[in-house]
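This report concerns only the one structure given below.
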C-alpha cells in the first residue's frame, strides 16, 4: 500500500521544530525512526546523523557510517530559505519512505511538510 500520511507524536514534532530553530540559519538534519502503520508511516523517534556537516543551503552526513537499521524510515531537514518543497538534490539523496522539510519560522506544525520519494506531498497527522 502506498504511503499517504506521516503520523508524528507531538513530542517528535516539537523536537524537530526546536532542532530547526536552534540550527537556524544553518540547515538541520535528523534521521526518522519508525514503522509503517496502515496507509501511513508512524515516526517513533529522531536520531542524529553521524558526522553531519551543516551549511546554510545544504547538509550532509556519512550514510556509510550508519549501522544497518531497517527502522529508519526517512530524513527530516530544514530549509532556512523558506522553500517548502524538496530540491532535486533532496530527491536524489532520498532514503527510506518519507522526507520531512521544516521551514522558518519553525513556530508551529504548519511549518512541517512531508513528501514521498517522488516529491509528492503527504498529509501530516500530529498526535498528542
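Numbering (the working numbering), first residue to last: 489 to 616.
We treat Cβ as the ideally placed atom computed from N, Cα and C, and that holds for glycine.
Residue i - partner residues in DSSP beta bridges
i, result
"residue 643", "For the chain, the structure presents residues 489 to 616; residue 643 sits outside this window and is missing."
"residue 530", "495, 523"
"residue 518", "564"
"residue 587", "563, 603"
C-alpha gap between residue i and residue j, whole angstroms
i, j, result
"residue 481", "residue 536", "With the chain running from 489 to 616 in the structure shown, residue 481 is simply not present."
"residue 521", "residue 557", "9 Å"
"residue 530", "residue 572", "21 Å"
"residue 505", "residue 601", "12 Å"
"residue 516", "residue 508", "6 Å"
"residue 580", "residue 615", "30 Å"
"residue 570", "residue 608", "18 Å"
Integer Cβ distance of residue i from residue j, believed to fall under 8 Å
i, j, result
"residue 574", "residue 589", "6 Å"
"residue 439", "residue 534", "The requested residue 439 does not occur in the structure, where the chain is confined to residues 489 to 616."
Chain E contact for residue i (CB, 9 Å cutoff)
i, result
"residue 596", "No chain E is present in this structure, which holds just one protein chain."
Q. Would the segment 522–536 and the segment 565–575 be scored as touching if the rule is three or more Cβ pairs under 8 Å?
A. no
Q) Would you say the segment 489–498 touches the segment 585–599, given that touching needs at least three Cβ pairs under 8 Å? A) yes
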